[in-house]
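A short worksheet on the structure shown next.
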Amino acid sequence: MVTKTATSSDSTAPKSAFPGECEAPTVAFDPGHNGQSISVFDKTTGVEMRDYPNGAEDGDVFAVATIAKRGLEHAGYTVVMLKKSTAESVTYRERVNRAERAGADVGISIHTSPGEHSVFDQRLGGYREGTGADGTPLRVTFSNAAIAKQSGQMSTKFAAGRSRVEGRQVNVVQNNFGGRAPLWAGDLPMISLISQKVPWVYSEFGTSDGAGGANPIGSDNRNLYAKAIVAGVKAALPNRCRS
Ligand SMILES: [Zn+2]
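Right, here's the structure in full:
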């Protein structure tokens, strides 16, 4: 559903003229890991899309995304979920396809991890490398400068919005997948690497006492994270259809 609001204030225009129309931003939420362990090679880039359930994180981030969706819809945004349920099995490529089909202005991956509160952008030159489907080494690099720039700007604003709500500094940092075999080495989340049309923001939330990832974050932190994501999206992608 697209929310449109007339913004024309030109009182001299005849009623039959096309009014100025305003299309609210569309946000795609990617709530965490896959419902089952999968390993599929992406036909477009050749990367191995490996994912797995991760205990409490799966229910936590699905709940967070659902709460944040309501908050953004209340503010006029269109929000699509890239997973229908925690149990659904859907590759990174299919998630990206769903975001593109929805005409998303941004994709936001929502994760938790113990002690981690940070944001990863689609950095130019970011990469993953490993063994391709044919058994030979493959390195895939993110080289879309326009999308990288958008992702970088939105990630910075998103992190600032989160910081205000969470009352702590959330930084935009580079990920590191080294030493996490069988995951491919490198520094970009796979979903960020393969999204070439929709700028992506990858969000991690955890607490200093070890909540996050497979350890549940609890309902207070679910609500806090959701509120922080709403603030982050509003900062990164203001809905200019509303004053
Ligand atoms: Zn995760």
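Numbered according to the numbering used here, the sequence shown spans residues -13 to 229.
Idealized CB from N, CA, C, for every residue including glycine.
Since this is a predicted model, take the numbers as computed values, not measurements.
Same chain, Cβ closer than 6 Å to residue i, neighbours up to 5 away in sequence not counted
i, result
"residue 89", "12"
"residue 149", "155, 156"
"residue 84", "68"
"residue 212", "50, 53, 54"
"residue 32", "118, 124"
"residue 48", "17, 72"
Check: residue i C-beta below 7 Å from any heavy atom of ligand 1
i, result
"residue 115", "no"
"residue 18", "yes"
"residue 97", "yes"
"residue 40", "yes"
"residue 43", "yes"
Span of the beta strand (DSSP E), counted from its first residue to its last, around residue i
i, result
"residue 15", "12 to 17"
"residue 37", "34 to 37"
"residue 25", "24 to 27"
"residue 66", "64 to 67"
"residue 8", "7 to 9"
Range of the contiguous alpha helix (DSSP H) that encloses residue i
i, result
"residue 142", "131 to 152"
"residue 57", "42 to 60"
"residue 178", "176 to 180"
"residue 74", "That residue, residue 74, is in no alpha helix (DSSP H); it is neither H nor E in DSSP."
"residue 213", "204 to 222"
Bridge-paired residues (DSSP) for residue i
i, result
"residue 123", "117"
"residue 104", "157, 190"
"residue 95", "16, 188"
"residue 172", "114"
"residue 198", "201"
Chain-order list of residues whose beta-carbon lies under 7 Å from that of residue i (same chain, five-residue window excluded)
i, result
"residue -5", "Bear in mind that a pLDDT of 36 at residue -5, under 50, signals an unreliable position, so the number given afterwards is only what the model happens to contain. Excluding sequence neighbours, residue -5 sits near nothing in its chain."
"residue 2", "Residue placement at residue 2 is flagged as unreliable, the pLDDT there being 38, under the threshold of 50; the coordinate-derived value follows with that caveat. None."
"residue 26", "35, 77"
"residue 236", "Outside the displayed range of the chain (-13 to 229) lies residue 236, so it cannot be described from this structure."
"residue 142", "158"
"residue 42", "200, 201, 202"
Contacts around residue i, its chain only, beta-carbon distance under 8 Å, and the 5 residues preceding and following it disregarded
i, result
"residue 100", "192, 193, 196, 197, 198, 199, 201"
"residue 209", "53"
"residue 113", "125, 126, 127, 128, 172, 173, 174, 179"
### Message
Does the contact criterion of 3 or more C-beta pairs under 8 Å hold for the segment 16 to 28 versus the segment 54 to 63?
### Response
no
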